[in-house]
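Peer 1: Protein chains in written order, with our numbering: chain A, 2 to 127; chain B, -3 to 381.
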Amino acid sequence: MPTIRPEQDYFAHLAQGRFMLQRSRASGKFFFYPRVAEPVTGGRDLEWVDASGRGIVHATTVVRPKPPQQPYNVALVDLEEGPRMMSRVEGVAPEAVHIGMRVRARIGTQDDKPVVLFDPEQKGQA
Amino acid sequence: MSADRFPRGRSAIVAASTYGIGESPGLSSMDLAVSASLGALDQVGLKPGDVDGLFIGLPDDFLSGLTFAEYLGIQPRITENNRTGGSAFLTHAMWAALAIDAGQCDVALIAYGSNQRSGAGGLVSSMRPPAYEAPYKLVRPVGAYAFATSRYMHEYGLKREQLGEVALAARRWAQLNPDAFMRDPLTMEDYLKSRMVSDPISVRDCCLVTDGAAAVVMVSAERAKHLVKRPVYLLGAAAATDHRDITSMPDLTRTAAVHSGARAFAQAGVKPSDIDVAEVYDAFTINTILFLEDLGFCKKGEGGAFVEGGRIAPGGALPVNTNGGGLSCVHPGMYGLFTMVEATQQLMGAAGERQVKDAKLAVAHGNGGELSSQATLVLGTEETL
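#1: Taking A:Glu126 as the reference, give the member of A:Val104, A:Gly109, A:Pro115, A:Ile108 with the closest Cα.
#2: Are the C-beta of B:Lys189 and some C-beta of chain A separated by less than 8 Å?
#3: Between which two residues does the alpha helix (DSSP H) carrying B:Thr340 extend?
#4: For A:Leu77, decide whether its Cβ has a neighbour in chain B, counting only Cβ atoms nearer than 8 Å.
#5: Would you say the region 229 to 237 of chain B touches the region 96 to 113 of chain A, given that touching needs at least three Cβ pairs under 8 Å?
#6: Using the Cα positions of A:Val75 and A:Phe32, report the straight-line distance between them to the nearest angstrom.
#7: Find the residues of chain B that neighbour A:Met102, judging by a C-beta separation of less than 9 Å, and give them in chain order.
#8: Reducing DSSP to helix, strand and coil, say where B:Val316 ends up.
#9: Opposite A:Ser1 in the DSSP bridges: which residues?
#10: Please list, in chain order, the chain B residues whose beta carbon lies closer than 9 Å to that of A:Gln70.
#11: Less than 8 Å between the CB atoms is what I'm expecting for B:Thr145 and B:Ile282, so what's the real figure, rounded?
#12: If we call anything under 8 Å between Cβ atoms a contact, is B:Ile197 one with B:Tyr141?
#13: Does A:Ala60 get closer than 8 Å to chain B when you measure Cβ to Cβ?
#14: Considering Cα atoms alone, identify which of A:Leu22, A:Ser53, A:Leu15, A:Gln70 is closest to A:Ala38.
#15: How far does the beta strand (DSSP E) with B:Asn363 in it reach, from first residue to last?
#16: CA-CA distance, B:Leu164 and B:Arg307?
#17: Is the Cβ-Cβ distance between B:Thr332 and B:Gly362 less than 8 Å?
#18: Tell me, which residues are paired with B:Gly109 by DSSP?
#19: I believe B:Ala309 touches B:Arg168 by the beta-carbon criterion, under 8 Å. Please report the beta-carbon distance rounded to the nearest angstrom.
#20: A:Gly56 lies in the beta strand (DSSP E); which residues open and close that run?
#21: Going along the region 135 to 151 of chain B in order, which residues come within less than 7 Å of chain A, judged by CB to CB distance?
#22: Compare the C-alpha of B:Val224 against each of B:Phe2, B:Ser(-2), B:Ala8 and name the closest.
#23: Residues of chain B with CB under 8 Å from A:Ser88, in chain order?
#24: Compare the C-beta of A:Arg107 with all C-beta atoms of chain B and state if any pair is closer than 8 Å.
#25: My assumption, with CB atoms under 8 Å, is that B:Val374 sits in contact with B:Leu231. Please give the rounded CB distance.
#26: Cα separation between B:Gly49 and B:Ala358?
#27: DSSP has B:Ile9 in a bridge; who is on the other side?
#28: May I ask you to verify whether the region 77 to 86 of chain A touches the region 243 to 255 of chain B, counting CB pairs closer than 8 Å and requiring at least 3?
#29: Using 8 Å as the threshold, is the C-beta distance between A:Leu1 and B:Phe143 below it?
#30: My guess is that A:Leu1 and A:Pro115 are in contact by the Cβ rule of under 8 Å, so how many angstroms apart are they, rounded?
#31: Quick one: give me the first and last residue of the alpha helix (DSSP H) that B:Glu185 is part of.
#32: Are the region 286 to 306 of chain B and the region 198 to 211 of chain B in contact at 8 Å, needing three or more beta carbon pairs?
#33: As an exercise, report each continuous alpha helix (DSSP H) stretch of at least 4 residues that is fully enclosed by the region 249 to 325 of chain B, in chain order.
#34: What does A:Arg6 reach in chain B if we use C-beta pairs closer than 9 Å?
#35: Within the continuous alpha helix (DSSP H) that includes B:Gly61, where are the two ends?
#36: Which residue or residues does DSSP assign as beta-bridge partners of B:Glu76?
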């Protein structure tokens, strides 16, 4: 089994345009952030799986820095696979992001590095 | 799981002091911590050399236990410097009680100090956001507490006016405390107009950034009686943690205080309704509501209604954060030890204008990280033994 290097592997996947999550083969449970072992069980039978990209906003805030910097959103998103992650919902005003909102992941770039962002799910998107 | 035994009432706080609350230019965090410690030791005629159990954790010195011992030229038998955040000092009291009972130390000193207002010019934190979260530029810790507040509002319909009640109560207590940093009147209108920092949290939902130091001396119950008229006995103490970063908090509306509180109350053999005064770590207004619920003063979801009508303010049914709290009295990065100092002063009957009449039982509750680490102490006077 190849050695898992959690952070390195995760960002390498993002750089290749893939948002991937880890899960334990035995339990089938996903977790985030990436680790060398499954929480609680300590299981090391881990595999990387492409995330569905579907999520629901669990909590949200609008960070209001001093002007002229613009306010921006930061949200906690519950992924369809189970884990929760921090991200930013774009494509709507930061105040319009609300708890329960269905969102879709996309890989964007920030500070020259790949980063997972979310957009509101469009009607008809499944 | 083994039985949750605690040496109830077998150790006591005999001295408690603060130092340099507000602005103390020209003093390092260690200078401040030492000054508070000497103030506390003076109260009971002890010298630094008498301290053989040292418990400390400064925000800007990873090895602060060693630095403190070196500064005062002491060689403690126990040097404890844990890192559970602002709750650390309440866990120190727990370990000190166990160590005193086991004969591992005789005089335990718990100390804290920070010059982060005048020295560093802002919040000092050794916390770095993980690589997975740094790009989103959440302002921490306020943003983490904003998430918890947003979720709580969503689930329980909490109103901003109810958070405002917490801020107003803290200010009214601060007005009775000459040491408090912010004592000017605060109205609900002022609160509702205050600038948003990280929605739904505004400036007036946030604790202060001040300098300040605190120290507490603990000895065996036996020795305590010879040192002071009214020792403050440690009746129960427990700590719990369930995450570090807010993203991993199992339920954003329920803290591990549910566990630390239940254990501490069970050890003490008392109920929340027996408590005369509660000092809970109010880094943000939501904290007070969460901790009142999680410690059992009211049910989950009822905290907002509970604090209405001045219930936790001076003259209210349950005096909470009687020094003015982190919101209006002092918040030098970590506030935990100040809950113990204020609880001690209340139980010793030494709280001046803000004294809660006939206070016999108090809770001191500390929080660390992003609602991550919870530690609860139940403290009582001799009548409660």
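Cβ atoms here follow ideal geometry from the backbone N, Cα and C, with glycine treated the same way.
Quick caveat, the model's predicted, so the values are computed rather than measured.
Peer 2: Reading off the structure:
#1: Per the sequence shown, the amino acid found at residue 126 of chain A is Gln instead of Glu. Comparing C-alpha distances from A:Gln126 to each of A:Val104, A:Gly109, A:Pro115, A:Ile108 shows the shortest one belongs to A:Val104.
#2: No, B:Lys189 does not count as interfacial toward chain A.
#3: Residues 332 to 344.
#4: Interface residue, yes.
#5: Flag = no, the region 229 to 237 of chain B and the region 96 to 113 of chain A do not touch.
#6: Inter-residue distance for A:Val75 and A:Phe32 is about 20 Å (C-alpha atoms, whole angstroms).
#7: Those within 9 Å of A:Met102 in chain B number zero; the least Cβ separation is about 11 Å.
#8: Strand.
#9: For chain A, the structure presents residues 2 to 127; residue 1 of chain A sits outside this window and is missing.
#10: Correct list: empty, because the minimum Cβ distance to chain B is about 10 Å.
#11: About 5 Å separates the beta carbons of B:Thr145 and B:Ile282, which is inside the 8 Å limit, making them a contact pair.
#12: Taking the C-beta atoms as reference points, B:Tyr141 is found nearer than 8 Å to B:Ile197.
#13: Yes, A:Ala60 lies at the interface with chain B (some Cβ there is under 8 Å from its Cβ).
#14: Checked all of A:Leu22, A:Ser53, A:Leu15, A:Gln70; the closest Cα to A:Ala38 is A:Leu22.
#15: That run of the beta strand (DSSP E) goes 357 to 364.
#16: Roughly 11 Å between the two C-alpha positions.
#17: The question names Thr, but residue 332 of chain B is Gly in the sequence shown. A contact, by the Cβ cut-off of 8 Å.
#18: BP columns for B:Gly109 point to B:Ala209.
#19: Contact between B:Ala309 and B:Arg168 holds: CB atoms are separated by about 5 Å, below the 8 Å threshold.
#20: Per DSSP, A:Gly56 belongs to the beta strand (DSSP E) from 55 to 64.
#21: Close to chain A, meaning a Cβ-Cβ distance shorter than 7 Å, are the following residues of the region 135 to 151 of chain B: Val135, Gly139, Ala142, Phe143, Ser146, Arg147, His150.
#22: Distance check between B:Val224 and each of B:Phe2, B:Ser(-2), B:Ala8 places B:Ala8 closest, using alpha-carbon atoms only.
#23: Simply Tyr132.
#24: No, no contact with chain B.
#25: Between B:Val374 and B:Leu231, the beta carbon gap of about 5 Å places them in contact (Cβ cut-off 8 Å).
#26: Rounded to the nearest whole angstrom, the C-alpha separation of B:Gly49 and B:Ala358 is 24 Å.
#27: Beta-bridge pairing links B:Ile9 to B:Met214, B:Val228.
#28: As far as the Cβ criterion goes, the region 77 to 86 of chain A touches the region 243 to 255 of chain B, which means the pair count is three or higher.
#29: This structure gives no information on residue 1 of chain A, because the portion of chain A shown stretches from 2 to 127.
#30: Residue coverage of chain A in this structure runs from 2 to 127, which leaves residue 1 of chain A outside it and unanswerable.
#31: Its alpha helix (DSSP H) spans residues 184 to 189.
#32: Fewer than three pairs of CB atoms, one per stretch, sit closer than 8 Å, so the region 286 to 306 of chain B makes no contact with the region 198 to 211 of chain B.
#33: Considered as a whole, the region 249 to 325 of chain B harbours 253 to 264, 281 to 290, 299 to 302 as its complete alpha helix (DSSP H) runs of no fewer than 4 residues, in chain order.
#34: Chain B residues near A:Arg6: none, gap ~12 Å exceeds 9 Å.
#35: Bounds of the alpha helix (DSSP H) holding B:Gly61 are 60 to 68.
#36: B:Glu76 is bridged to B:Phe51.
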